[in-house]
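Below is one structure, written out as structure tokens; the observations come after it.
Protein chains: 2
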Amino acid sequence: MATGRTHRPATRSRGIPEATVARLPLYLRALTALSERSVPTVSSEELAAAAGVNSAKLRKDFSYLGSYGTRGVGYDVEYLVYQISRELGLTQDWPVAIVGIGNLGAALANYGGFASRGFRVAALIDADPAMAGTPVAGIAVQHTDDLDRIISDNGVSIGVITTPPGAAQQVCDRLVAAGVTSILNFAPTVLSVPDGVDVRKVDLSIELQILAFHEQRKAGEEAAADGRAVVDTDDEEEAPPMRATPAGRKGPDGDMPAVMPA
Amino acid sequence: MATGRTHRPATRSRGIPEATVARLPLYLRALTALSERSVPTVSSEELAAAAGVNSAKLRKDFSYLGSYGTRGVGYDVEYLVYQISRELGLTQDWPVAIVGIGNLGAALANYGGFASRGFRVAALIDADPAMAGTPVAGIAVQHTDDLDRIISDNGVSIGVITTPPGAAQQVCDRLVAAGVTSILNFAPTVLSVPDGVDVRKVDLSIELQILAFHEQRKAGEEAAADGRAVVDTDDEEEAPPMRATPAGRKGPDGDMPAVMPA
DNA sequence: ATGTCTTTGTGAACGCGTGCACAAAGATAG
DNA sequence: CTATCTTTGTGCACGCGTTCACAAAGACAT
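Going line by line, the protein sequences match chains A and B. First residue of the first sequence? That's 44 in the numbering used here, and the numbers climb one at a time after it. First residue of the second sequence? That's 44 in the numbering used here, and the numbers climb one at a time after it.
Shown next as structure tokens:
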């Protein structure tokens, strides 16, 4: 999916490969579903199918955590849920602060999945003075001026940025200065952070563009198979190097609705 | 990235590696910004810095597209914007349908970045009859019953799923049946689709869990450096394989607010 | 206790992605 | 026209991630 990455390239944290870490939440979700159905054990084959991965990969992933399975039987669901939760650090409480309470920020604040697994929305922060005090998802929005204090007081180490792109880097800097060491960035901007700070980005626009690429390719192949039955016949280069952007549509990246263009 | 992946594993589409395709939107964004500032040319070093990648990687990426640079000078910004746009299929219009108009769906509908680059919100679809006709972001919400017709009439090939997880697979099946071949899934579920359909997923919960993992690791290392100055001293396994989930909190995955738990 | 059967855990091979380092190419100055 | 300087394009090597295939391990029946 949908997530680009912006973090340590090849640092195998405590022996667990990054690719494996990224799949653990997937396994955990599938296991939780099984747990709720009171299924006692599950084989690598079944669990892999539920998580949408290869069974060999799943077994190798689990092998990095230790030998938690029983040969001839499979894995104990409850035990595995606990082990993965512990490995991911979900047995403790993670206060999260969301900065930028626009459409997206508000949607995330209402996100039920936050509380469900160790994450707790500890604070909502916005730069608009008019928003201060307004309750969103039952929590009063606070002003950016108090950002440092809010982060410190609540012991927030994970920040979520849902501001317009023009404000993202500044907000990021302030979060980091206040002690945040993990950032989930929804703004379409490349954030630069000091070493030791993790940044992950969620970028709707990029995901759509990747889909468009494959969609176009599919259309092209189809056309080739149909013997050129579709609209435009350009395949290889031919078009003029025309200007793609209006150039100067507005000033520098200022503020706009919270969910922003690319 | 928030972006997990669920698509062809190693099918190099028309020679362009998947990893490169995923970075093209990043380059395009940086180039567009340069274009708006009327910068005529840019070196691989500068552009790489703006996009947050290695310059050698950028040059290799561009080499898959062809030789669009000039040695000793760099790349022509306008020309490159056009070439990448064309490669990504952004020179044409992509009507997109959003299914599941809750908090998140509405936020996406208001997303300015949709229209900005080839994507157009063609339809909003929701299962709640009470929502039908309600305008969201200037577009009237339509009922799920008409899904097939809506997709066909608008020529939608890209669908965005922002429904509760319990409804996601069913919605997905209907979208595919109606002709959609690319899906962006925000519901925390593994979607199964026939060959030829691309699925990308955006999963907030997974991203947060990955951050929590690294955060925990950082805290652990810090503790080790401080000579065990922090709270709980458990590092290696010791805890009881206790039950992690209440088990049976509610029925099967029904419906809940549009942005949902994991 | 022994044998059979199932499923895990992993050694090994392979392929993709990344980054280095440099030769080729062109611009620019004299 | 020649020399120099900049920057691209890429051959090559390395490392991570994936997958195969199988031996080891345990459950279970007899």
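Just so it is clear, CB atoms sit at the ideal spot from N, CA and C, and this is done for glycine as well.
Tell me L167 (chain A)'s beta-bridge partners as DSSP assigns them.
Position 124 of the first sequence, counting from 1, holds the residue named residue 167 (chain A). For L167 (chain A), which the question treats as bridged, DSSP gives the partners A:I141, A:V184.
Which word fits Q213 (chain A), buried or exposed, when buried means at least 16 other C-beta atoms lie within 10 angstroms of its C-beta?
Along the first sequence, read from residue 1 onward, the residue named residue 213 (chain A) stands at position 170. Exposed.
Limits of the beta strand (DSSP E) - the one that L227 (chain B) falls within:
Along the second sequence, one-based indexing puts residue 227 (chain B) at 184. Start and end: 225-228.
P237 (chain A) versus A:L123, A:S225, A:A93, residue with shortest Cα-Cα distance
Counted from its first residue, the first sequence places residue 237 (chain A) at position 194. The residue with the shortest Cα to Cα distance from P237 (chain A) is A:S225.
Drop a sphere of 10 angstroms on the beta-carbon of S200 (chain B), count the other beta-carbons inside from all chains shown, and report buried for 16 or more, exposed for fewer.
By 1-based counting over the second sequence, the position of residue 200 (chain B) is 157. So S200 (chain B) ends up on the buried side.
For Y154 (chain A) and chain B, any beta-carbon pair shorter than 8 Å?
Taking the first sequence and counting its residues from 1, one reaches residue 154 (chain A) at position 111. Closer than 8 Å: yes.
Coarse secondary structure for T75 (chain B), derived from DSSP in three states:
Within the second sequence, numbered from 1, the residue matching residue 75 (chain B) stands at position 32. Helix at T75 (chain B).
The ligand FAD and V124 (chain A): does any heavy atom of the ligand fall closer than 7 Å to the residue's C-beta?
The ligand content of the structure shown is nil, which means the ligand FAD is not present either.
Skipping 5 residues on each side, what residues in its chain have a beta carbon closer than 7 Å to that of V116 (chain A)?
Along the first sequence, read from residue 1 onward, the residue named residue 116 (chain A) stands at position 73. Only T84 meet the Cβ criterion.
Beta carbon proximity, F105 (chain A) to chain B, threshold 8 Å
As a first step, residue 105 (chain A) is located in the first sequence; it is residue number 62 there, counting from the start. Not one chain B Cβ lies under 8 Å of F105 (chain A).
I need the DSSP call for V240 (chain A), collapsed to helix, strand or coil.
In the first sequence, counting from the first residue as 1, residue 240 (chain A) sits at position 197. In the structure shown, V240 (chain A) sits in coil (DSSP, three-state: anything other than H, G, I, E or B).
Starting from the C-beta of S98 (chain B), find all residues in its chain whose C-beta is less than 6 Å away, skip the five residues before and the five after it, and write them out in chain order.
Along the second sequence, one-based indexing puts residue 98 (chain B) at 55. Excluding residues within five positions, the ones whose Cβ falls inside 6 Å are S87, E88, A91.
Does any residue of chain B have a CB that is nearer than 8 Å to the CB of E281 (chain A)?
For the purposes of this step, residue 281 (chain A) is taken as residue 238 along the first sequence, with counting starting at 1. Residue placement at E281 (chain A) is flagged as unreliable, the pLDDT there being 39, under the threshold of 50; a coordinate-derived value is accordingly withheld.
Cβ atoms of I182 (chain B) and A140 (chain B): under 8 Å apart, would you say?
Residue 140 (chain B) sits at position 97 when you count from the first residue of the second sequence. Residue 182 (chain B) sits at position 139 when you count from the first residue of the second sequence. No.
6 Å CB neighbourhood of L227 (chain A) in its chain, flanking five on each side removed
As a first step, residue 227 (chain A) is located in the first sequence; it is residue number 184 there, counting from the start. Cβ neighbours of L227 (chain A) beyond the five flanking positions: V203, R243.
Name the chain B residues whose beta carbon is nearer than 7 Å to that of Q213 (chain A)?
To locate residue 213 (chain A), count along the first sequence from 1; it is residue 170. Ordered by position in chain B, no residue passes the 7 Å Cβ test against Q213 (chain A), which lies about 17 Å from the chain.
Please check the pair P172 (chain A) and H186 (chain A), which I expect to be a contact at CB under 8 Å, by giving their CB distance rounded to whole angstroms.
Position 129 of the first sequence, counting from 1, holds the residue named residue 172 (chain A). Position 143 of the first sequence, counting from 1, holds the residue named residue 186 (chain A). Indeed, because the Cβ distance is near 6 Å, the residues count as touching under 8 Å.
Tell whether a beta-carbon distance below 8 Å holds between Q252 (chain A) and L101 (chain B).
Numbered from 1 along the first sequence, position 209 holds the residue referred to as residue 252 (chain A). Numbered from 1 along the second sequence, position 58 holds the residue referred to as residue 101 (chain B). No; because the gap between Cβ atoms is not below 8 Å, this pair is not in contact.
Nearest neighbour of Q126 (chain B), chosen from B:L147, B:P178, B:G143, B:D104 [CA to CA]
Along the second sequence, one-based indexing puts residue 126 (chain B) at 83. Here the closest residue by C-alpha is B:D104.
Less than 8 Å between the beta carbons of D136 (chain A) and G161 (chain A), yes or no?
On the first sequence, residue 136 (chain A) is found 93 positions in, with the first residue counted as 1. On the first sequence, residue 161 (chain A) is found 118 positions in, with the first residue counted as 1. Contact flag set, yes.
Would you give the residue range spanned by the alpha helix (DSSP H) that D191 (chain B) belongs to?
Reading the second sequence from its first residue, position 148 is the one you call residue 191 (chain B). Its alpha helix (DSSP H) spans residues 190-197.
Using CA atoms only, rank isn't needed, just tell me which of A:L247, A:A221, A:D191 is closest to T205 (chain A).
Position 162 of the first sequence, counted from the first residue, corresponds to residue 205 (chain A). For the residues A:L247, A:A221, A:D191, the minimum Cα distance to T205 (chain A) belongs to A:L247.
For T63 (chain A), which of helix, strand or coil comes out of DSSP?
As a first step, residue 63 (chain A) must be located in the first sequence, where it is residue number 20. Looking at T63 (chain A) - three-state DSSP - the assignment turns out to be helix.
Taking Cβ positions only, does L330 (chain A) come closer than 8 Å to chain B?
Given a span of 44 to 305 for chain A in the structure shown, any question on residue 330 (chain A) remains unanswerable.
Among residues of its own chain, excluding the 5 on either side of A170 (chain B), which ones have a beta-carbon nearer than 6 Å to its beta-carbon?
Translated into positions along the second sequence, residue 170 (chain B) becomes position 127. Here the set comprises T187.
Helix, strand or coil: how does DSSP classify D136 (chain A) here?
On the first sequence, residue 136 (chain A) is found 93 positions in, with the first residue counted as 1. DSSP places D136 (chain A) in coil when its eight states are reduced to three.
Contacting residues, own chain, Cβ-Cβ under 7 Å from C215 (chain B) (five flanking each side not counted)
Numbered from its first residue, the second sequence carries residue 215 (chain B) at position 172. Answer for C215 (chain B): I204, I226, L234, V236, listed in chain order.
If you measure from the beta carbon of K261 (chain B) to each beta carbon in chain A, is any gap under 8 Å?
Taking the first residue of the second sequence as position 1, residue 261 (chain B) is located at position 218. Chain A contact via Cβ: present.
Take Y70 (chain A) as the anchor and find which of A:D189, A:V120, A:I193 has the nearest alpha-carbon.
Within the first sequence, numbered from 1, the residue matching residue 70 (chain A) stands at position 27. Closest by alpha carbon: A:V120.
Using DSSP bridges, identify the partner residues of P178 (chain A).
Start at 1 with the first residue of the first sequence, and residue 178 (chain A) comes out as number 135. According to DSSP, P178 (chain A) bridges with A:A183.
In the DSSP output, what is T206 (chain A) paired with across the bridge?
Numbered from its first residue, the first sequence carries residue 206 (chain A) at position 163. BP columns for T206 (chain A) are empty, so no partner.
In chain B, which residues lie with their C-beta within 7 Å of the C-beta of P172 (chain A)?
What you label residue 172 (chain A) is simply residue 129 of the first sequence in a count that begins at 1. Here the premise fails: no neighbours, minimum Cβ distance about 22 Å.
Can you tell which of A:S128, A:S110, A:L254 has the C-alpha that lies nearest to the C-alpha of P68 (chain A)?
Counting from 1 along the first sequence, the entry for residue 68 (chain A) is found at position 25. Closest option to P68 (chain A), Cα to Cα, is A:S128.
DSSP three-state call for Y111 (chain A): helix, strand or coil?
Locating residue 111 (chain A) in the first sequence gives position 68, counting from the first residue. Coil at Y111 (chain A), not helix or strand.
Between P231 (chain B) and A211 (chain B), what straight-line distance do the alpha-carbon atoms span, to the nearest angstrom?
Your numbering for residue 231 (chain B) matches position 188 in the second sequence. Your numbering for residue 211 (chain B) matches position 168 in the second sequence. Their Cα atoms are separated by approximately 9 Å.
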